[in-house]
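Visitor: Sharing a structure, written as structure tokens. Questions coming.
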Amino acid sequence: MKKDILQDNVVQQKRITRKIPKKLRNIYSLDDFEIFARKKLPRQIYGYYSGAAETNQSLKYNRDIFQNYFFVPRILRDVSKRSTQHSLFGKKYKYPFGIAPMGLSALATWQGDIQLCRAANKQNIPMVLSATSLIKLEKLGKKEDCKWFQLYLPGEDNRILQMLERVKASGFENIVLTVDLPVTANRENNEKTGFSTPLKPNFRLAWDGITHPVWSIQTFLRSFCNGVPHFENMDYFRGPPIISRNFERARGARDQLNWKHVELIRKNWKGNFIVKGILSAEDAIKAKESGVDAVWISNHGGRQLDGSVSPVSVLPKIRKVVGDYPIIIDSGFRRGSDILKALALGADFVFVGRPFLYAAAVDGEQGIEHAIKLLGDEVERNIAMLGVNNLDEMNADFLEVRDGVSSNQV
Ligand SMILES: Cc1cc2nc3c(=O)[nH]c(=O)nc-3n(C[C@H](O)[C@H](O)[C@H](O)COP(=O)(O)O)c2cc1C
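Remember, the numbering used here sits 1 above the position in the sequence shown when you count from 1.
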């Protein structure tokens with residue numbers, strides 16, 4: 002009992018010595034950011050970030066799946082030298098997680114992508130720049146030392162090759178091809194709140210701007226100071242403005258993208274090449290055979306095909322068929338314990354989406370750094386209680402599924 006109090010004090014002390022800015026003092030976990038971001042952001046923007054497709058079935062499953070697994074900790078193992086460091090493609094990161102690519106991040110806070118990148122670099126975790134960001138990839142690549150770029154590509158060889166040239170010239174080392182978006186998903190919630198891509202200026206949008214003056218001045222007007230923001234990175238040329246009617250046309254033939262294009266990219270990209278949006282063992286094998294460097298298991302945070310499986314639920318099966326081969330995973334991760342469960346089930350690295358946008362909305366770069374530290378602290382604290390010194394020790398023996406069956410047997 003005394004020890005518990007002592008430990009609580011240590012955690013408390015850690016928070017105090019960090020000199021947490023006033024705005025962030027009541028934020029104790031990633032979920033807390035959402036409460037504050039919801040107040041700060043206009044309804045349409047918050048709705049776009051938080052929303053998913055149709056009935057939110059996959060969105061919910063992404064969280065529920067973690068309730069199926071429980072830890073079996075080990076004791077008396079001297080965990081005083083524990084480390085949260087973890088490697089991916091030979092690079093050592095401070096934590097086993099990174100920031101997933103998210104379009105329109107610059108609507109969360111001014112120059113959102115840059116703030117995400119700076120916070121990630123300061124904390125030594127990876128951050129992936131989205132193809133639908135509003136800031137030119139050239140500004141993020143060499144200038145901000147962003148090493149990861151995500152692509153949405155049409156099934157057109159010429160456009161693919163020219164885009165790869167652009168990405169290469171900007172200094173990126175890792176490309177992530179997102180493949181779960183052959184068509185736009187049915188996100189009814191966006192229509193209900195009045196949000197659309199492209200943005201259509203209307204009364205509701207204007208009213209939300211008026212009723213959220215801090216966001217309107219600090220983010221919206223500031224972003225529009227140099228003209229209307231454009232989709233800068235969808236192609237090898239500059240994309241349309243965010244209020245353009247030509248948006249759909251600019252996307253090109255994404256529904257024609259196929260495995261031949263994956264092979265084409267492999268031949269023409271010397272850095273790491275990851276395919277994001279895989280959910281089946283069959284596709285994971287295909288990606289491996291096509292020379293892809295890692296599969297990224299994802300259902301896009303429940304934002305694409307509603308009713309698609311949760312990535313964590315298919316992880317053991319995919320690990321089994323690909324053998325010793327890098328697996329990245331995202332969708333629904335909010336706690337250090339979630340991350341550790343995925344590592345135990347065979348993931349190599351985890352990415353987190355929405356919470357980092359909420360953190361950006363709450364307090365820009367400082368907010369994002371606070372989010373990284375909170376999640377990192379959870380990982381660090383939990384490995385101590387699990388009896389783990391090094392994350393490579395995580396395996397399925399640390400888990401039991403709810404009904405008491407070892408996860409090895411699932
Ligand atoms: C607002 C928003 C925008 C997103 N934009 C992209 C994108 O441009 N490219 C992409 O590959 N994934 C995109 N995603 C999906 C994320 O990369 C990631 O798969 C997902 O957010 C993970 O789920 P989580 O938010 O529950 O952590 C987006 C997600 C959100 C919430």
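Every residue, glycine too, gets a C-beta built ideally from N, C-alpha and C.
Write down the C-beta distance between residue 152 and residue 255 rounded to the nearest angstrom, noting that I regard them as a contact closer than 8 Å.
Guide: Residue 152 to residue 255, Cβ: 11 Å. No contact.
Visitor: Find the nearest neighbour of residue 228 within the set 241, 235, 234 and 216, judged by alpha-carbon distance.
Guide: 241
Visitor: On the DSSP letters alone, give me the boundaries of the alpha helix (DSSP H) that residue 314 sits inside.
Guide: Per DSSP, residue 314 belongs to the alpha helix (DSSP H) from 312-323.
Visitor: In the DSSP assignment, find the beta strand (DSSP E) that holds residue 94 and state where it starts and stops.
Guide: 92-94
Visitor: Whole alpha helix (DSSP H) runs in the region 318-398 with 4 or more residues, listed along the chain?
Guide: 337-345 and 355-387
Visitor: Threshold first: 4 residues or longer. Then list the alpha helix (DSSP H) segments lying entirely within the region 52-108, N to C.
Guide: Considered as a whole, the region 52-108 harbours 58-65 as its complete alpha helix (DSSP H) runs of no fewer than 4 residues, in chain order.
Visitor: Could you check which residue in 222, 235 and 379 has the C-alpha nearest to that of residue 134?
Guide: Nearest option by C-alpha distance: 235.
Visitor: Given the structure, does residue 219 come close to ligand 1, in the sense that its CB is under 7 Å from one of the ligand's heavy atoms?
Guide: Checking the Cβ of residue 219 against ligand 1 gives no.
Visitor: Tell me the DSSP secondary structure of residue 262 in three-state form.
Guide: helix
Visitor: Does DSSP classify residue 151 as helix, strand or coil?
Guide: If DSSP states are grouped into helix, strand and coil, residue 151 belongs with the strands.
Visitor: If you measure between the beta carbons of residue 59 and residue 314, is that distance less than 8 Å?
Guide: no
Visitor: Express the C-alpha separation of residue 245 and residue 200 in angstroms, rounding to a whole number.
Guide: 8 Å
Visitor: One question on the structure: do residue 78 and residue 388 come within less than 8 Å of each other, judged by their Cβ atoms?
Guide: Remark: C-beta atoms of residue 78 and residue 388 approach each other more closely than 8 Å.
Visitor: Roughly how many angstroms separate the alpha carbons of residue 411 and residue 112, rounded to a whole number?
Guide: Unreliable placement is indicated for residue 411, whose pLDDT of 46 sits below 50; no coordinate value is reported for it.
Visitor: Tell me whether residue 277 counts as near ligand 1, meaning its Cβ is closer than 7 Å to at least one heavy atom of that ligand.
Guide: yes
Visitor: Quick one: what does DSSP say residue 273 is sitting in, helix, strand or coil?
Guide: Here residue 273 carries a strand assignment [DSSP, helix/strand/coil].
Visitor: According to DSSP, is residue 19 part of a helix, a strand, or is it coil?
Guide: coil
Visitor: Within the present structure, is the beta-carbon of residue 231 separated from the nearest heavy atom of ligand 1 by less than 7 Å?
Guide: no
Visitor: In three-state DSSP terms, what is residue 1?
Guide: In this structure the chain extends from 2 to 411, so residue 1 is not present and cannot be described.
Visitor: Following the continuous beta strand (DSSP E) through residue 295, name the residue where it begins and the one where it ends.
Guide: 295-298
Visitor: Assign residue 138 to one of three DSSP states: helix, strand, or coil.
Guide: helix
Visitor: Just verifying my parser: in three-state terms, what is the DSSP assignment at residue 411?
Guide: Residue placement at residue 411 is flagged as unreliable, the pLDDT there being 46, under the threshold of 50; a coordinate-derived value is accordingly withheld.
Visitor: Do residue 372 and residue 357 have their C-beta atoms closer together than 8 Å?
Guide: yes
Visitor: Specify, as a first and last residue, the run of the alpha helix (DSSP H) that residue 176 falls within.
Guide: Careful: residue 176 lies outside any alpha helix (DSSP H), inside the beta strand (DSSP E) at 175-179.
Visitor: In the structure shown, what three-state DSSP assignment does residue 213 receive?
Guide: coil
Visitor: Quick check on the DSSP output: the beta strand (DSSP E) that includes residue 400 runs from which residue to which?
Guide: Counting along the chain, the unbroken beta strand (DSSP E) around residue 400 starts and ends at 400-402.
Visitor: Buried or exposed, going by whether 16 or more other CB atoms sit within 10 Å of the CB of residue 350?
Guide: buried
Visitor: I need the straight-line Cα distance from residue 281 to residue 297, nearest angstrom please.
Guide: 11 Å
Visitor: Using the C-alpha atoms, what's the distance from residue 366 back to residue 209?
Guide: 24 Å
Visitor: Helix, strand or coil for residue 184? Go by DSSP, reduced to three states.
Guide: Taken through DSSP and simplified to helix, strand or coil, residue 184 comes out as coil.
Visitor: For residue 19 and residue 202, I'd like the C-alpha separation in whole angstroms.
Guide: 42 Å
Visitor: How many Å lie between residue 126 and residue 145 at the Cα?
Guide: 14 Å
Visitor: If we ignore side chains and look at the alpha-carbon of each, how far apart do residue 172 and residue 180 end up?
Guide: Taking C-alpha positions only, residue 172 is separated from residue 180 by approximately 23 Å.
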